[in-house]
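Asker: First the structure, which I've put down as structure tokens, then a few questions once you've had a look.
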Amino acid sequence: MGSLARLMIAGSSHAPVTRVCALAVGAAMAYAAGSYESDLNVRRPPVLTVRASRTSRGQGSAARVVWVMVDGLRLDASREMTVLNRLRTEGEDISARAEFPSFSRPNFVAQASGIEPAASGVLSNGYPEEVALDSVFRRAKKAGLRTAMLTTDPDPGLSWTYASWVDDTITEDPDPDADLPPADLVFVHIGYVDRAGHVSGAASRQYRAAVARADEVIGRIARTLDPAREALIVTSDHGHLDGGGHGGMEPAVVRIPIVVWGAGAVRRTRAGRGRDVGPTIATLLGIGPLSHATGRPLVRGDAVASRQRAAARAAVCAARTLRVDHVPIVIPIAVVALLVLGGASGVEMRPLMSSPTYALVFAVLLLVTHTLSFSVSNDGGVFGGRLTALGAVAALAQLRVGGRSSLVPAALVASLAVLWTAVAAAHQPLAPADGTLRFLPIPALAGLAFICFMTAALGRQGMLEVKSTASRRSARPRALGAAGVLPGEPALGGALRLAWSASGVGGLNRSPTMEDPC
Ligand SMILES: [Zn+2]
């Protein structure tokens, strides 16, 4: 063992060192939990190696395409829209599936570039820069067309994404005007349906009112278009839970509408995916194929588009075999640190046997409270509070079963569980049937952070030196004290200890069977 480990072992016989180490590991885990989602982004995805095909121009069925994206519009809610239903009957009605994770920016890129987030590298709303992928905006510009973006609220993430390929970006609040910019490809983003979903939930009157308002806007836009030579495509990036929230794979969240109307649309009903939108627009305008698209046109394909799609798919699959995976390096570091602390504390059999309690109880609580989806994590404050409450219950169970001396081994077991979770998540398929595993490292890291903070707050005084009988005799009255608070113990630790004792379920030092072995 290296000198650092020896130093740590020697030092851990003093509670302050153990506590400081636990605090440091806890802080690192809390940070990793907070940044896990945005760390999933890949700036140079392997699909960029696919060579761009030459931009064509002239075989498109539409001289102009207007693409309206209603952010957060559920498929079932879209079937209550009068205007949209009329467009459906006159054009193509596609029941589509949003891409995972069902956040806005990953799905905007999936639609504009025709490629799923796992392969595009855009896996969160916090993608830090302009996307390097080919897109309908890039192809349109390369073909000498004019592009414009109209949004109902200033969303920097949206306007950055393809900034180099959009001629005009206009924000119109409260509603986009029917007088669209005179561009050949116009993207209109309606943001208030998503906002209503977050604030009031998709089952609310407010959400329905926002959907009806978007329907009116679509009607105003459709009236300005000539369906013989112009096309309108209406999509949503994701749905919303009844209570609000998206990001996961719940049916209410992943079922989205795509409607194609006007020049090039065929009257029919079919299924599709979010990644099919870009190839559809490229085909309508005759500017394809999109170099990195794995989706297929919903209108009509051609041999060139099929070859390009095969090349993109091959690049994505080849990269997958390389296993360029995401496991935060702080997790194995935390495992080693807790292993050293656990080994140094000389834990006895009972606390050791009880050490999986925290991880097991925390996992069961995640399951029974349905805290296993990106859709529950949209509001960071509420989500953090929820995880803290679950961690507190699991920590009380750990203290009840194993006592304070079991906190370090419990943190070690939790760190091993987190490591397994992160490795399993990194090896998930590109298009998972269920996104739980991809999400799980976030609450797992938060749970590990909590038990580390508990260890820092309630870590028993002394480790190796209090194992002697004499020390045991003298430690007991010292540990209890007049108020049951350890001398020099941090205020939080003392308060938690008092609460535990007062609850009547604690009795850490009362029952011989529950006695802290130290
Ligand atoms: Zn949203």
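Note that numbering that gives the first Met the number 0 has the sequence shown beginning at 0, numbered continuously upward. Just so you know, even glycine gets a beta-carbon here, dropped at the ideal spot from N, CA and C. Values in this document were obtained by computation on a predicted structure and should not be read as measured data.
Since residue 267 is in the beta strand (DSSP E), which residue starts that stretch and which ends it?
Answerer: First-last of the beta strand (DSSP E) with residue 267: 267–272.
Asker: Thinking just about the alpha-carbon of each residue, which of 451, 168, 231 is nearest to the one in residue 336?
Answerer: Looking at the Cα atoms, 451 is the closest of the given residues.
Asker: Going by CA-CA distance only, name the one from 65, 43, 160 that's closest to residue 233.
Answerer: Closest by alpha carbon: 65.
Asker: Taking a cut-off of 6 angstroms, which residues have a beta-carbon closer than that to any heavy atom of ligand 1, in chain order?
Answerer: Qualifying residues, in the order they occur: 71, 103, 193, 197, 245.
Asker: Terminal residues of the continuous beta strand (DSSP E) containing residue 254?
Answerer: Residue 254 -> beta strand (DSSP E) spans 254–261.
Asker: Give the DSSP-derived three-state secondary structure of residue 148 in the structure shown.
Answerer: Reduced to three states, the DSSP call for residue 148 is strand.
Asker: Can you give the beta carbon distance from residue 36 to residue 123, rounded, assuming they're within the 8 angstroms contact cut?
Answerer: Yes, residue 36 and residue 123 are in contact; Cβ-Cβ is about 5 angstroms, under 8 angstroms.
Asker: From this set, 440, 251, 146, which residue's C-alpha is nearest residue 184's C-alpha?
Answerer: Of the listed residues, the one whose Cα sits closest to residue 184 is 146.
Asker: Pick out whichever of 20, 187, 290 has its Cα sitting closest to the Cα of residue 45.
Answerer: For the residues 20, 187, 290, the minimum Cα distance to residue 45 belongs to 290.
Asker: Could you say which of 196, 364, 443 lies nearest to residue 392 if we only look at CA atoms?
Answerer: Per the Cα distances, 364.
Asker: Would you mind reading off the limits of the alpha helix (DSSP H) that contains residue 229?
Answerer: First-last for residue 229: 229–234, but that is the beta strand (DSSP E), not the alpha helix (DSSP H).
Asker: Return helix, strand or coil for residue 168, following the three-state DSSP convention.
Answerer: Strand.
Asker: Residue 449 to residue 434, Cα distance in whole Å?
Answerer: Answer to the nearest angstrom: the Cα atoms are 24 angstroms apart.
Asker: Among 241, 252, 244, 235, whose alpha-carbon lies nearest the alpha-carbon of residue 258?
Answerer: Residue 235 is the option with its Cα nearest to residue 258.
Asker: So, is residue 485 buried or exposed, given that buried needs 16 or more other C-beta atoms within 10 angstroms?
Answerer: In this prediction, residue 485 has a pLDDT of 34, which is less than 50 and means its spatial position is unreliable; nothing more can be read from the coordinates.
Asker: Report the option in 295, 274, 231, 246 whose CA atom is closest to the CA atom of residue 264.
Answerer: Measuring from the Cα of residue 264, the nearest candidate turns out to be 231.
Asker: In this structure, what does DSSP give as the bridge partners for residue 186?
Answerer: Answer is 66, 148, bridged to residue 186.
Asker: Is the beta carbon of residue 69 sitting closer than 7 angstroms to the one on residue 189?
Answerer: Yes. Within cutoff.
Asker: Quick one: using the 10 Å Cβ neighbour count with 16 as the cut-off for buried, is residue 316 buried or exposed?
Answerer: By the 10 Å Cβ count, residue 316 comes out exposed.
Asker: Note the first and the last residue of the continuous beta strand (DSSP E) segment covering residue 96.
Answerer: Note, residue 96: beta strand (DSSP E), 91–96.
Asker: Grab me the residues of residue 244's own chain with a C-beta within less than 7 angstroms of its C-beta, minus the 5 sequence neighbours each way, in chain order.
Answerer: The residues are 374, 375, 377.
Asker: Decide if residue 15 is buried, meaning its Cβ has at least 16 other Cβ atoms within 10 Å, or exposed.
Answerer: Answer is exposed; the Cβ neighbour count stays below 16.
Asker: Roughly how many angstroms separate the alpha carbons of residue 17 and residue 332, rounded to a whole number?
Answerer: Whole-angstrom Cα-Cα distance: 16 angstroms.
Asker: Taking the straight line between their C-alpha atoms, what separation do you get for residue 43 and residue 405?
Answerer: Distance between the alpha carbons of residue 43 and residue 405 is about 44 angstroms.
Asker: For residue 133, does the count of other Cβ atoms within 10 angstroms reach 16, so buried, or fall short, so exposed?
Answerer: Classification for residue 133: buried.
Asker: Contact defined as beta carbons within less than 8 angstroms: I believe residue 370 pairs with residue 349. What is the distance between those atoms, to the nearest angstrom?
Answerer: Rounded, the Cβ-Cβ distance is 30 angstroms, inconsistent with contact.
Asker: Taking the CB atoms as reference points, tell me whether residue 59 and residue 283 lie closer together than 7 angstroms.
Answerer: Yes, the pair counts as a contact, with Cβ atoms nearer than the cut-off.
Asker: Does the beta-carbon distance from residue 329 to residue 31 come in below 7 angstroms?
Answerer: Cβ distance < 7 angstroms, so residue 329 and residue 31 count as in contact.
Asker: Name the residue from 424, 307, 394 whose alpha carbon lies nearest to the alpha carbon of residue 326.
Answerer: Of the listed residues, the one whose Cα sits closest to residue 326 is 424.
Asker: DSSP three-state call for residue 126: helix, strand or coil?
Answerer: Coil.
Asker: Between which two residues does the alpha helix (DSSP H) holding residue 369 run?
Answerer: Counting along the chain, residue 369 falls outside any alpha helix (DSSP H), and DSSP gives it neither H nor E.
Asker: Can you give me the Cβ contacts of residue 206 inside the same chain, cut-off strictly under 8 angstroms, excluding the 5 residues immediately before and after it?
Answerer: Excluding positions up to five away in sequence, the list reads 76, 192, 195, 196, 199, 200, 239.
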